[in-house]
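2 protein chains.
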Amino acid sequence: MPSEDQTIEIAEMFRLMGDATRLRIILACREKPAFVNELAARLGSSQSLISHHLRLLRAARILKAERHGKQVFYSPADEHISSMIADMVHHVGETVAEEADV
Amino acid sequence: MPSEDQTIEIAEMFRLMGDATRLRIILACREKPAFVNELAARLGSSQSLISHHLRLLRAARILKAERHGKQVFYSPADEHISSMIADMVHHVGETVAEEADV
DNA sequence: CAGATATATGAACATATGTTCATATCTCCA
DNA sequence: TGGAGATATGAACATATGTTCATATATCTG
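Residue numbers (my numbering), protein chains in the order written: chain R, 1 to 102; chain U, 1 to 102.
(1) Residues of chain U with CB closer than 8 Å to the CB of glycine 93 of chain R, please, in chain order.
(2) Give a yes or no on whether the minimum CB-CB distance between isoleucine 62 of chain U and chain R is below 9 Å.
(3) Using a Cβ-Cβ cut-off of less than 7 Å, list which residues of the stretch 12–23 of chain U approach chain R; keep chain order.
(4) Would you mind listing the alpha helix (DSSP H) stretches within the stretch 7–62 of chain R that are 4+ residues and don't spill past its ends, in chain order?
(5) For threonine 7 of chain U, which of R/Gly18, R/Phe14 and R/Thr7 has the nearest alpha-carbon?
(6) Determine the direct distance from the alpha carbon of serine 75 of chain U to that of glutamate 66 of chain R, and round the result to whole angstroms.
(7) Should histidine 90 of chain R be labelled buried (16 or more other beta-carbon atoms within 10 Å of its own) or exposed?
(8) Any beta carbon from chain U within less than 9 Å of histidine 80 of chain R's own beta carbon?
(9) Would a check of beta-carbon distances place aspartate 87 of chain U closer than 9 Å to chain R?
(10) By Cβ distance, which residues of its chain are closer than 6 Å to phenylalanine 103 of chain R, with the 5 residues on each side in sequence left out?
(11) From the DSSP output, read off the bridge partner residues of serine 75 of chain R.
(12) Which value, in whole angstroms, describes the spacing of the CA atoms of arginine 24 of chain R and leucine 43 of chain R?
(13) When the cut-off is 9 Å and only beta carbons count, does valine 36 of chain R lie next to chain U?
(14) Determine the chain U residues that contact glutamate 9 of chain R at a beta-carbon separation under 7 Å, and present them in chain order.
(15) Between the Cα of glutamate 79 of chain R and the Cα atoms of R/Arg30, R/Pro2, R/Ile10 and R/Ala20, which residue gives the shortest distance?
(16) Quick one: what does DSSP say glycine 69 of chain U is sitting in, helix, strand or coil?
(17) By alpha-carbon positions, which one of R/Lys70, R/Arg55 and R/Lys64 ends up nearest to isoleucine 81 of chain R?
(18) Under 8 Å Cβ-Cβ, which residues of chain U neighbour glutamate 31 of chain R?
(19) What whole-angstrom Cβ distance do alanine 20 of chain R and alanine 11 of chain U have, given they're in contact under 8 Å?
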């Protein structure tokens, strides 16, 4: 059993992944790391919204940022988190398949 | 890449795990499945609060409920989700250890 | 340096969410 | 059947959160 502090930290991690917009950003970076404007375009969201969320994901070390001139390049920072999301993707895919079988 | 619907479903799963009270309930059931009143006592929360959260966890098939007379027994329903949480517990434990090393 | 481009940030707002309190529902037993 | 115990549920409330708009900051180029 995790400590109380760890429990809160774990919940915070899950909470960050628990918003569709943020999850899309993580998935997008997983598929192909990109600059902020590219992410905004790919996800069809405003630059401001993406940037606000990127800040949270960066602070939680889920994504990392590298500046290249005027642009900032975002990519997965935490492979463990990243593979956990992949695992959940797999899980949901399976669950849907099971339900379809019935 | 998951579909839009799947993305929302995945986010919803993470969101459910992203609240400290709910996470504590899941962890408690993982450690030792129990009746509602036991869970409330172990977590030091009100029966009402626990029950509200149990409803969400049950609906998401993260926990399952079995009635035994007047009491209702809750235990993990989804082993995959359960092991994913265990994985996150491990992850946070490691991260803390790494930071301590520095 | 001035302007343009890319990103970050702050304020404001509407909505979602967790918690509490009161009460309903269900189950057992005298 | 009536009452007590265990759980579920609804309303109300305070707070947290996601989004937008406006604007600041940073970087490059002429």
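Built from N, CA and C at the ideal position, the CB exists for glycine as well.
These numbers come from a predicted model, not from an experiment.
This is what the structure gives:
(1) Within the first sequence, residue 93 of chain R is the residue found at index 93, counting from 1. Per Cβ cutoff of 8 Å: Pro2 and Gln6.
(2) Taking the second sequence and counting its residues from 1, the one referred to as residue 62 of chain U is at position 62. With 9 Å as the cut-off, isoleucine 62 of chain U does not count as an interface residue toward chain R.
(3) Listed by position along the chain: Met13, Phe14, Arg15, Met17, Gly18, Asp19, Ala20 and Leu23.
(4) DSSP runs (the alpha helix (DSSP H)) wholly in the stretch 7–62 of chain R: 20–31, 36–43 and 47–59.
(5) Looking up residue 7 of chain U in the second sequence gives position 7. Among R/Gly18, R/Phe14 and R/Thr7, the Cα nearest to that of threonine 7 of chain U belongs to R/Gly18.
(6) On the first sequence, position 66 is the one that residue 66 of chain R refers to. On the second sequence, position 75 is the one that residue 75 of chain U refers to. Each residue's Cα considered, the two are about 44 Å apart.
(7) Start at 1 with the first residue of the first sequence, and residue 90 of chain R comes out as number 90. By the neighbour-count rule (16 or more Cβ atoms within 10 Å), histidine 90 of chain R is not buried but exposed.
(8) Residue 80 of chain R sits at position 80 when you count from the first residue of the first sequence. Chain U, which has a Cβ nearer than 9 Å to the Cβ of histidine 80 of chain R, makes this yes.
(9) Reading the second sequence from its first residue, position 87 is the one you call residue 87 of chain U. Yes, because at least one Cβ of chain R sits closer than 9 Å to the Cβ of aspartate 87 of chain U.
(10) Lying outside 1 to 102, the shown extent of chain R, residue 103 of chain R is not represented and no answer is given.
(11) Here residue 75 of chain R is taken as the residue at index 75 of the first sequence, counted from 1. DSSP lists R/Lys64 as partners of serine 75 of chain R.
(12) Counted from its first residue, the first sequence places residue 24 of chain R at position 24. Counted from its first residue, the first sequence places residue 43 of chain R at position 43. A straight-line Cα-Cα distance of about 7 Å links arginine 24 of chain R and leucine 43 of chain R.
(13) As a working mapping, residue 36 of chain R is identified with position 36 in the first sequence. No, valine 36 of chain R lies away from the interface with chain U (no Cβ there is under 9 Å from its Cβ).
(14) Within the first sequence, the letter at position 9 stands for residue 9 of chain R. Proximity of chain U to glutamate 9 of chain R at the Cβ level (cut-off 7 Å) is accounted for by Val92, in chain order.
(15) The count along the first sequence starts at 1 and reaches residue 79 of chain R at position 79. Of the candidates R/Arg30, R/Pro2, R/Ile10 and R/Ala20, the one whose C-alpha sits nearest the C-alpha of glutamate 79 of chain R is R/Arg30.
(16) Mapped onto the second sequence, residue 69 of chain U falls at position 69. Glycine 69 of chain U falls in the coil class under three-state DSSP.
(17) Numbered from its first residue, the first sequence carries residue 81 of chain R at position 81. Measuring C-alpha to C-alpha distances from isoleucine 81 of chain R to each of R/Lys70, R/Arg55 and R/Lys64 identifies R/Lys64 as the nearest.
(18) Taking the first residue of the first sequence as position 1, residue 31 of chain R is located at position 31. Neighbours of glutamate 31 of chain R on chain U, chain order: Met1.
(19) Mapped onto the first sequence, residue 20 of chain R falls at position 20. Mapped onto the second sequence, residue 11 of chain U falls at position 11. Right, the Cβ-Cβ distance comes to about 4 Å (below 8 Å), so this counts as a contact.
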